[in-house]
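Chains as they are written, first to last, in our numbering: chain A, 4 to 123; chain B, -3 to 283. Ideal placement from N, C-alpha and C gives every residue a C-beta, glycine not left out.
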Amino acid sequence: MSKYLVDKFLYTVDRDPELVERYRSEPAEFVTWWEAERANSVLNCHTGEASTWLRFTDDERDALASHDHVRLFELGAHPFLTLTLFIAMFERDHDEPLAYQKQYGLRLAHFSLPYPDIAT
Amino acid sequence: MASIVAVIASTHHPFYYRATTATGEDRPPFADEWQRKILAFRETLTRANPDVLVMVGSDHFHQLWLDNMPQFLVGKAPFYDANWYNEEREFGLPRMLLKGQEDLSGHLLRAGLDAGFDLAFSNELRIDHSITCPIITLRPEADLPIVPIYTNIFAPPLPQPKRFVQLGAAIRDIVESWPSHLRVAIIGTGHLSLELGGPRQFGPHGPDPEFDQRAVEWIANGDLDGCLAEVTLDSLHSPGNATHGFMDFMLMMGVAGAGAKAHHVDTLDLFHTMEAYFTWYPNGAPA
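The structure is reproduced here in structure tokens:
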């Protein structure tokens, strides 16, 4: 499991409007690019220092590449990060206020407590 | 020494700003009642006539991240930029600039460390809606200097609930020992039951109205014993997956003190979550 890296993906994409649009329109290509180019960037460093060891598991990569927020929940991605980014990408496709948020919750209805562990 | 003229605990609902500035067809049906309650709540701070605001909140993965996550952090800077791109995008929150009260920040850090709280600090902190929401609701002029204090209610492992209470009590003692003539209000925001990104999100009420009812009673009556007897890091998963934000209310109960009944208590049952507003006057209600 590399929950930390999944969370890092959600976090870094969510804060960049250009990346939000790229992830919305070409998810599989975008996830491949991000893992190759961005996964190992050490955030909060003054210049381009990098780690050497971070990579997704196949499950995580597939869940991200298919915009599968249900699978991300199951894998223990931080639900606030997933929700925020997915609202940014898909709320616009719904006319009614909160329609996307309600649909998002319904798709998770088969989960009961305890939810998947989100500790990293 | 400084005096604490008000202690305030509140939920921080990021939709308030947009709901209550909307007009015509865009204005949601609950906006008028919500605004009335907020105006009454605001008056409880205005009456106390504060000079400085200590603001307790929790960064929502904006500046603080999992590569370097503090449990408790005090801002010490002359200014704080506020609100972030994704808060503009999702909630329509405005960018803000708040002044800092560096002397009180320094005092809180020194005395907090000496009291056994290994506080992190930041000299360049951009604050988010956990602190700007109460500025918008309680002091929209945004004219008073602040000391922001961030807690980790978001990224496990989290500190225990009792540690939030202890920190609240320490903050009160430390502010009261600040060699200053200034009038300080301590304001903190958190959540009652809340679910974000899970199956119980965005329902017609908060995910656990029964928890909310008990929580409001604990807070309103300063019932720290009752609250600590029931609330654990594990138990907070049950009312909703984001309910650990309730620990910021527990911190504020620590500031107000065990057994301290709130002078102002109000709630609003909204979709998704219950709003709750509390004000204590440690030195008695202002005339």
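Start and end residues, alpha helix (DSSP H) containing residue i
i: Met246/B; result: Phe242 to Ala252
i: Met92/A; result: Pro82 to Phe93
i: Asp219/B; result: From DSSP, Asp219/B is part of no alpha helix (DSSP H); its letter is neither H nor E.
i: Val45/A; result: First-last for Val45/A: undefined, no H or E at that position.
i: Val161/B; result: Pro157 to Glu172
i: Asp10/A; result: Lys6 to Asp17
i: Arg74/A; result: His72 to Glu77
i: Glu29/B; result: Ala27 to Thr42
i: Lys105/A; result: Ala102 to Leu109
i: Asp61/A; result: Asp61 to Ala68
i: Arg14/B; result: Tyr12 to Thr17
Cross-strand partners of residue i (DSSP beta bridge)
i: Ile127/B; result: Ile127/B is not bridged to any residue.
i: Ala272/B; result: Thr263/B
i: Ala5/B; result: Gly184/B and Phe274/B
i: Met92/B; result: Ala78/B
i: Thr147/B; result: Phe68/B
i: Ile142/B; result: Leu49/B and Gly96/B
i: Ile0/B; result: Val180/B
i: Ala53/A; result: Ser44/A
Continuous beta strand (DSSP E) stretch holding residue i: start and end
i: Leu264/B; result: His260 to Asp265
i: Ser28/A; result: No beta strand (DSSP E) holds Ser28/A; the alpha helix (DSSP H) holding it covers Pro20 to Ser28.
i: Ala48/B; result: A small fix is needed here, since residue 48/B is Val in this sequence, not Ala. Start and end: Val48 to Gly53.
i: Ile121/A; result: From DSSP, Ile121/A is part of no beta strand (DSSP E); its letter is neither H nor E.
i: Ala116/B; result: Ala116 to Ser118
Whole-number beta carbon distance between residue j and residue i, since they are thought to touch under 8 Å
i: Gly96/B; j: Pro82/A; result: Contact doesn't hold; Cβ gap of about 33 Å is too wide.
i: Lys72/B; j: Tyr273/B; result: Lys72/B to Tyr273/B, Cβ: 29 Å. No contact.
i: Val23/A; j: Val16/A; result: 6 Å
i: His125/B; j: Phe160/B; result: That pair is no contact at about 20 Å.
i: Gln104/A; j: Gln197/B; result: 6 Å
i: Val50/B; j: Ile183/B; result: 7 Å
i: Glu38/A; j: Arg58/A; result: 7 Å
i: Ala216/B; j: Lys257/B; result: 7 Å
i: Gly236/B; j: Asp204/B; result: 6 Å
i: His72/A; j: Pro30/A; result: Not really, about 12 Å apart at Cβ, beyond 8 Å.
i: Pro157/B; j: Met248/B; result: In fact, because the Cβ distance is near 13 Å, the residues do not count as touching under 8 Å.
Candidates the options: closest to residue i by CA position
i: Ala116/B; options: Phe68/B, Thr133/B, Glu86/B and Ala151/B; result: Phe68/B
i: Arg292/B; options: Thr275/B, Gln162/B, Asn217/B and Ala283/B; result: Residue coverage of chain B in this structure runs from -3 to 283, which leaves residue 292/B outside it and unanswerable.
i: Gly199/B; options: Phe114/A, Gln106/A, Thr123/A and Leu116/A; result: Gln106/A
i: Glu120/B; options: Glu21/A, Asn47/A, Val9/A and Glu24/A; result: Asn47/A
i: Glu191/B; options: Phe93/A, Leu84/A and Glu99/A; result: Leu84/A
i: Arg18/A; options: Leu220/B, Gln59/B and Asn237/B; result: Gln59/B
i: Ala277/B; options: Asp230/B, Val251/B and Leu104/B; result: The sequence shown places Tyr at residue 277/B, not Ala. Ranking the options by Cα distance to Tyr277/B, first place goes to Val251/B.
i: Tyr76/B; options: Leu100/B, Thr128/B and Gly88/B; result: Thr128/B
i: Asp120/A; options: Met92/A, Gly79/A and Ala31/A; result: Gly79/A
i: His103/B; options: Trp174/B, Pro155/B and Thr147/B; result: Trp174/B
i: Val227/B; options: Met246/B, Ala238/B and Ala216/B; result: Met246/B
i: Ala283/B; options: Arg43/B, Leu35/B and Thr7/B; result: Arg43/B
i: Pro325/B; options: Pro195/B, Ala111/B and Arg179/B; result: Look at the range of chain B in this structure, -3 to 283, and you will see that residue 325/B is not part of it.
i: Thr87/A; options: Phe12/A, Lys6/A and Ser5/A; result: Phe12/A
i: Thr239/B; options: Met249/B, Glu213/B and Thr269/B; result: Thr269/B
i: Asp114/B; options: Pro74/B, Pro155/B, Ile123/B and Ser189/B; result: Pro155/B
i: Ser28/A; options: Trp56/A, Tyr118/A and Met92/A; result: Met92/A
i: Leu134/B; options: Gly241/B, Ser(-1)/B, Ala36/B and Gly280/B; result: Ala36/B
i: Val3/B; options: Arg168/B, Cys223/B and Asp219/B; result: Arg168/B
i: Asp221/B; options: Gly253/B, Phe242/B and Val171/B; result: Gly253/B
Contact list for the segment 101 to 128 of chain B against chain A, Cβ threshold 9 Å: none
Q: Give the residues from the segment 237 to 255 of chain B that approach chain A closer than 9 Å (Cβ to any Cβ), ordered along the chain.
A: Asn237 and Ala238
Exercise for the section: Note down, in chain order, all residues in the segment 50 to 73 of chain A with a beta-carbon under 9 Å from any beta-carbon belonging to chain B. Expected result: His72
- Message: Under 7 Å, CB to CB, which of the residues in the segment 77 to 103 of chain B have a partner in chain A?
- Response: Tyr81, Asn82, Arg85 and Glu86
### Message
Beta carbons nearer than 9 Å to chain B: which residues of the segment 86 to 106 of chain A have them?
### Response
Leu86, Thr87, Leu88, Phe89, Ile90, Ala91, Glu94, Pro100, Leu101, Gln104 and Lys105
* Asked: If contact means a Cβ-Cβ distance below 9 Å, which residues of the segment 17 to 46 of chain A contact chain B?
  -> Asp17, Arg18, Asp19, Pro20, Val23, Val45 and Leu46
Check your understanding: In chain order, what residues of the segment 196 to 221 of chain B put their CB closer than 9 Å to some CB of chain A?
Key -> Arg196, Gln197, Phe198 and Gly199
### Query
Taking any Cβ of chain A, which residues in the segment 6 to 28 of chain B have a Cβ under 7 Å from it, in chain order?
none
Please list, in chain order, the residues of the segment 141 to 154 of chain B that have any C-beta partner in chain A closer than 8 Å.
Phe150, Ala151, Pro152 and Pro153
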